[in-house]
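Trainee: To convert, count from 1 in the first sequence and add 692; that's the working numbering.
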Amino acid sequence: MTLRVYNTLTRKKETFETLEPGVVRMYVCGPTVYDDAHIGHGMSAVVFDTIRRYLEYKGYKVRHVMNFTDVDDKIINRARETGQDPFKLAAHYIDRFQEHMRDLNILVPTVMPRVSNTIEEILDMVQTLIDKGYAYESEGDVYFRVRKDEDYGKLSRRKIEHAVSSARERFGDELKEDEADFALWKAQKAPDEPAWSSPWGLGRPGWHIECSAMARRYLGETIDIHGGGNDLVFPHHENEIAQSESCNGAPLARYWLHNGMLQLRGEKMSKSLGNMVTIEEFLAEHEADVFRLLILSSHYRKPLAYDDEVVEQAKRGLDRLHSALRPAGGDLVEGQAVETLAQACATARERFEQAMDDDFNTAAALGHLYDLVKAINTARDAGVGGEPFRQAQQTLVELCHVLGLRMEREEAAGISDAAPFVQLLVDVRQELRAIKQWALADLIRDRLSELGVVLEDSREGTTWRWR
RNA sequence: GGCGACGUAGCCAAGUUGGUUAAGGCAGGGGUCUGCAAAACCCCGAUCGCGGGUUCGAGUCCCGCCGUCGCCUCCA
693 MTLRVYNTLT RKKETFETLE PGVVRMYVCG PTVYDDAHIG HGMSAVVFDT
743 IRRYLEYKGY KVRHVMNFTD VDDKIINRAR ETGQDPFKLA AHYIDRFQEH
793 MRDLNILVPT VMPRVSNTIE EILDMVQTLI DKGYAYESEG DVYFRVRKDE
843 DYGKLSRRKI EHAVSSARER FGDELKEDEA DFALWKAQKA PDEPAWSSPW
893 GLGRPGWHIE CSAMARRYLG ETIDIHGGGN DLVFPHHENE IAQSESCNGA
943 PLARYWLHNG MLQLRGEKMS KSLGNMVTIE EFLAEHEADV FRLLILSSHY
993 RKPLAYDDEV VEQAKRGLDR LHSALRPAGG DLVEGQAVET LAQACATARE
1043 RFEQAMDDDF NTAAALGHLY DLVKAINTAR DAGVGGEPFR QAQQTLVELC
1093 HVLGLRMERE EAAGISDAAP FVQLLVDVRQ ELRAIKQWAL ADLIRDRLSE
1143 LGVVLEDSRE GTTWRWR
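If you want it as structure tokens, here you go:
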């Protein structure tokens, strides 16, 4: 089966073919580290982690690079405000970010470069751009000559008149040949600003050049996938294309993938708007799988409205997935019910792959997993057990893992310190039920329920779990 | 103002290169099972923002309108 992906550059779904057979070179823009990451960053990380996991499921070897922007005006400003060293500040938030990624079950990227470790490559590219006439020095700054790049604007479909550079570069308007030009290198303005020596004096890289340099250094001149949030399309990715392609004379990326924004109360969640929920805050209340399911329940390119209700729905949906992992009741290993289950497994896997092959349609893929859940539960009711039942559960877990869901809840209940005491109460209640002391038995069940322990009676006995 | 996306049952959401009964989940109602309950299983809901048009046939294409959101400021 062939994978098709939506390419922002062409605004179409295209057949996915890698430059080198079997290998995917993927670069995803990481965070500027001056504050704690919020769940919008988490969404982007989950989206591209899921894409990576599926590519690996399909047999590709994925070389995944995610950068940390650790040299930036925001970091400098925050460091000034708090009286810290900007590098220490950045290092602190890099550590925090990596912790959060681990908590969210994000696979560790192959390389996680930092701007401060990529200066040489950046200087090399800036110099090449100057040599080729695409850039010019102006009082220690270096600017990219946008009008020299004939296809500038092709990613964001913007005309240069509308593409006047952002405030981040506008600081040097009077030094530019054209107001649309953007900075590749910024001269040091104050002694507390991080700076490196360069042919143009002390200074630091502009915002966009880092990604161009890192992508080239770790993945080569042309990569397969370049990803990030759709708020990066302009100016960030547009400028990356301008720099890299002018410098290297080769396309920067074959496929541009962008995730939609997470919204809170009708607005994009962002640090500057102040309407954010940090990853830490979310995980203090919910398990990581709830977050995954929440993100994966809609398509990655669409905006996602975040509120308490969708979180609750994701939680319930996860409960449902888990319902299929409860133990078998019977031991039937052949017959119609067994065959039906095996068929359901094959169908689920096939449809799961079809959905994921269609631009990573995780919502549809999940729908097919729920169908498998139903088939497994039906089989359990019909008495199916043993190897056939175990295999069906294994298929479900395997496909959940492709989506990055851990599905480890059951084990967590068993290792609780309270487990022996709960079991004791369950045993006592079982004795009461044997002598038909219903009132007392129900009282124990109700009180345990209030404490978050759910009892379920069946022919084989009573099982319990945390709610 | 410029560019772009979206609008499917109470909620989330798939489906949009036009064509059998519009996936799936959550919530709700009914039922089976159960001492009762829970869980599981079965059954029940939408004609697809509004108005036109193209077509034998449109949620799926075109035009207009309304609404929501994103980018054009730092941003995943």
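Think of the CB as a built atom: it goes at the ideal place given N, C-alpha and C, for glycine as much as any other residue.
Note that the coordinates shown come from a computational prediction; the quantities given were computed from them, not determined experimentally.
To the nearest angstrom, how far is it from the Cα of Gly1078 to the Cα of Gly1096?
Mentor: Their Cα atoms are separated by approximately 27 Å.
Trainee: Taking contact to mean 3 or more Cβ pairs, one atom from each stretch, closer than 8 Å, check whether the region 714 to 724 and the region 742 to 755 are in contact.
Mentor: Verdict: yes, contact present.
Trainee: Going by Cα to Cα distance, which pick from Asn1053, Gly1075, Glu1090, Asp1050 is closest to Leu1064?
Mentor: Looking at the Cα atoms, Glu1090 is the closest of the given residues.
Trainee: If we count the other Cβ atoms within 10 Å of its Cβ and call it buried at 16 or more, is Gly722 buried or exposed?
Mentor: Its Cβ being crowded by 16 or more others within 10 Å, Gly722 is buried.
Trainee: Count Cβ pairs between the region 945 to 955 and the region 914 to 927 that sit closer than 8 Å; are there 3 or more?
Mentor: Yes, they touch.
Trainee: Could you tell me whether the region 977 to 994 touches the region 1003 to 1012, using the rule of 3 or more Cβ pairs below 8 Å?
Mentor: These segments touch.
Trainee: At what residues does the beta strand (DSSP E) containing Glu1148 begin and finish?
Mentor: Glu1148 -> beta strand (DSSP E) spans 1145 to 1150.
Trainee: Please state whether DSSP places Asp1023 in a helix, a strand or coil.
Mentor: The answer is coil: DSSP assigns Asp1023 none of H, G, I, E or B.
Trainee: Closest to Arg696 by CA distance: which of Gly1075, Ala1047, Ala1126, Ser1141 is it?
Mentor: Checking every option, the nearest Cα to that of Arg696 belongs to Ala1047.
Trainee: Starting from the C-beta of Ala1044, find all residues in its chain whose C-beta is less than 7 Å away, skip the five residues before and the five after it, and write them out in chain order.
Mentor: Here the sequence assigns Phe to residue 1044, which means Ala is not the residue at that position. Once the five neighbours on either side are set aside, the close Cβ partners of Phe1044 are Ala1057, His1060, Leu1061, Leu1091.
Trainee: Glu831: which of Gly893, Phe1081, Glu913 sits nearest, CA to CA?
Mentor: Selected option, being the one with the closest Cα: Gly893.
Trainee: With a 10 Å radius around its C-beta and 16 neighbouring C-beta atoms as the bar for buried, classify Val1094 as buried or exposed.
Mentor: Val1094 comes out buried.
Trainee: In three-state terms, what does DSSP make of Lys1163?
Mentor: For the chain, the structure presents residues 693 to 1159; residue 1163 sits outside this window and is missing.
Trainee: Buried or exposed: Arg806, going by 16 or more other Cβ atoms within 10 Å of its Cβ?
Mentor: It is buried - the Cβ of Arg806 has at least 16 other Cβ atoms within 10 Å.
Trainee: Take Gly1153 and list the residues in its own chain whose beta-carbon comes closer than 8 Å to its own, dropping the five residues that flank it on each side.
Mentor: The residues are Gln1122.
Trainee: Rounded to whole angstroms, what is the Cα-Cα separation between Glu913 and Ala934?
Mentor: Taking the straight line joining both Cα atoms gives about 13 Å.
Trainee: Rounded to the nearest angstrom, how far is the Cβ of Asp803 from that of Val739, given a contact under 8 Å?
Mentor: The sequence as given places Val at residue 803; Asp does not occur at that position. In fact, because the Cβ distance is near 19 Å, the residues do not count as touching under 8 Å.
Trainee: Is the beta carbon of Asn1069 closer than 8 Å to that of Met906?
Mentor: It is not a contact, given that the beta carbons lie outside the stated cut-off.
Trainee: When you compare only the Cα positions, how much space is there between Ala1034 and Leu1088?
Mentor: Approximately 12 Å between the Cα atoms of the pair.
Trainee: At what residues does the alpha helix (DSSP H) containing Asp1049 begin and finish?
Mentor: Unbroken alpha helix (DSSP H) run through Asp1049: 1028 to 1049.
Trainee: By the 10 Å Cβ neighbour count, where 16 or more other Cβ atoms means buried, how is Glu1142 classified, buried or exposed?
Mentor: Burial call: exposed.
Trainee: Where DSSP assigns a beta bridge to Ile1068, which residues make up the other side?
Mentor: Beta-bridge pairing links Ile1068 to no other residue.
Trainee: Kindly identify the DSSP beta-bridge partner or partners of Tyr719.
Mentor: Tyr719 is bridged to Val757, His918.
Trainee: Taking the beta carbon of Val725 as the centre, do at least 16 other beta carbons fall within 10 Å, making it buried, or is it exposed?
Mentor: Result: buried.
Trainee: Give me the Cβ distance between Leu1017 and Leu985, rounded to the nearest whole Å; I'm assuming they're in contact under 8 Å.
Mentor: Going by Cβ atoms, the distance from Leu1017 to Leu985 rounds to 15 Å, so no, they are not a contact pair.
Trainee: Which two residues bound the contiguous beta strand (DSSP E) that contains Gly775?
Mentor: Run containing Gly775: none; DSSP gives neither H nor E here.
Trainee: How long is the line joining the alpha carbons of Val925 and Leu847, rounded to whole angstroms?
Mentor: Each residue's Cα considered, the two are about 7 Å apart.
Trainee: Pick helix, strand or coil for Tyr826, following the three-state DSSP scheme.
Mentor: Note: Tyr826 maps to coil in three-state DSSP.
Trainee: Within the present structure, is the beta-carbon of Leu796 separated from the nearest heavy atom of the ligand MN by less than 7 Å?
Mentor: Absent from the structure shown: the ligand MN. Ligands present: none.
Trainee: Near Met735, what residues of its chain come up, given a Cβ to Cβ distance below 6 Å and the 5 sequence neighbours on each side ignored?
Mentor: Cβ neighbours of Met735 beyond the five flanking positions: Leu954, Ile987.
Trainee: Reducing DSSP to helix, strand and coil, say where Thr820 ends up.
Mentor: Note: Thr820 maps to helix in three-state DSSP.
Trainee: So, does the region 863 to 878 touch the region 767 to 780, judging by three or more C-beta pairs under 8 Å?
Mentor: No: the two stretches stay apart, fewer than three of their Cβ pairs being nearer than 8 Å.
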